[in-house]
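In this note's numbering, the protein residues as written are 1367 to 1485. Even for Gly, the Cβ is constructed at its ideal location relative to N, Cα and C. Bear in mind the structure is a predicted one, so any value in this text is a computation, not a measurement. Step one of this worksheet: look at the structure below.
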């Protein structure tokens, strides 16, 4: 990567940055297609979200449906969605963490240290 005169091969750095960007896009697409679940009340309410945290489904066990106690049902729904969202966040960190760490700040210039420059 270092040219004979001691300079950096900018085209090679840009090519690596493009490859990292492509991997990041592929990982984001995979996340959007992946579904994770979360639950509350010992499984009485189960929420399904995509890896990019879009609510996809909600299953409520009829045993928890009590017209006299709608608050508990609402609390269980919120807890299940939060649990599913937390699981989606963990999945996102696993999938994108290594890739995002190689990109500088907002995905602009690559982190030269991650590309083998500097320390």
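8 Å Cβ cutoff met for residue 1457 and residue 1402: Their beta carbons are under 8 Å apart, which means residue 1457 touches residue 1402 by this criterion.
Helix, strand or coil at residue 1405 [DSSP, three-state]: In this structure, residue 1405 counts as strand in the three-state DSSP scheme.
Enumerate in chain order the residues of its own chain whose CB-to-CB distance from residue 1414 is below 6 Å, with the five nearest sequence positions on each side excluded. Taken in chain order, the residues that qualify are 1401, 1403, 1422 and 1423.
Using a Cβ-based criterion (distance less than 7 Å to any ligand heavy atom), does residue 1455 qualify as near the ligand MN? Looking for the ligand MN in the displayed structure turns up nothing, as the structure carries no ligands at all.
So for residue 1417, helix, strand or coil by DSSP? Residue 1417: coil per DSSP, three-state reduction.
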